[in-house]
Amino acid sequence: MMNTRFSPACAAVLLAVALALPAGSAFAKSACDGVTTTLTKQQKTDYRSLIAQSLGKKVKPASVSIESFMQYGNWSVVYADVPVADPGYFFFDLSGKSPKLKDVWGGMAERDEMPDLVKWAEKLGANKEIAACFADTATAP
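Numbers -28 to -1, 1 to 113, taken from mature numbering (1 follows the signal peptide of the UniProt record, and there is no 0), label the letters of the sequence shown in order.
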């Protein structure tokens, strides 16, 4: 068995270096912490129908591919690939009797655009948790 000892000066340097390093991503809080990101089979079917209806009669629910989902409180966002347009983030207000599509965001965004995406989502009425999770997801490398 090996017993390693450090001088007090060496130990102080090691401690200073450890404290100066940024916290690892394993310990960092994710923008999507607390946000539901899983769908039930029924929810997937329902959202595919809602998205297809929003795109017109030519789109069938079976042709809508749901790539990701997030929900917090009375808001949900579905990232879906559809046959008539580029993939997009479909924002739903869940505060009424049935989900109401508020808007769709599509395109590319860089990490430095996150504040703009958060503001855009919040202007729709989305809560800050969904807005932050969406912005983080939409700008992920």
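Here a beta-carbon is modelled for each residue, glycine too, at the ideal position from N, C-alpha and C. Just so you know, these numbers come straight off a predicted model, no measurement behind them.
In this model, A98 and K13 are separated by some 24 Å (Cα to Cα).
Rounded to the nearest angstrom, the gap between the Cα atoms of E94 and D5 is 18 Å. Boundaries of the alpha helix (DSSP H) harbouring A24: K13 to L27, taken from the DSSP string. Between A57 and K1, the alpha-carbon positions lie close to 34 Å from each other. In the DSSP assignment, the residues bridged to T8 are Q43.
Rounded to whole angstroms, the separation of the alpha carbons of F64 and L11 is 14 Å. The residues S37, E39 and P59, in chain order, have a CB closer than 7 Å to that of D53 in the same chain once the five nearest residues on each side in sequence are set aside.
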